[in-house]
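Colleague: Residue numbers (the numbering used here): 231 to 318.
1) For residue 257, does the three-state DSSP call read helix, strand or coil?
2) Could you please give the first and the last residue of the uninterrupted beta strand (DSSP E) stretch that includes residue 288?
3) Take residue 308 as the anchor and find which of 246, 240, 233, 255 has the nearest alpha-carbon.
4) Say whether the stretch 295 to 304 touches the stretch 266 to 279, bearing in mind that this needs 3 or more beta-carbon pairs closer than 8 Å, one atom from each stretch.
5) Is the beta carbon of residue 283 closer than 8 Å to that of residue 304?
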């Protein structure tokens with residue numbers, strides 16, 4: 231079984247950094263970056279707006295926990311978004 235992990239990043243450079251780390255560690259097979267996503271969200275009691283990049287990575291389902299753990303280690307966000315979407 232295979233999965234895709236949806237990750238948001240503060241900017242394209244951070245998305246590239248995360249993608250390259252995951253690829254170099256061979257825990258993902260492919261990474262795609264989508265630029266310029268408009269985000270509106272609650273953070274520390276305030277409604278915030280920002281522009282982010284989307285990082286989509288493809289991997290084997292048994293590696294998803296490792297991918298998410300690694301994203302949490304290297305991401306600049308205190309609570310990064312990293313969601314698994316199973317591919318069937």
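Note that CB positions come from ideal geometry on N, CA and C, so glycine has one too.
Remember, predicted model here, so these are calculated numbers, not experimental data.
Modeller: Taking the structure as given:
1) coil
2) 276 to 290
3) 240
4) no
5) no
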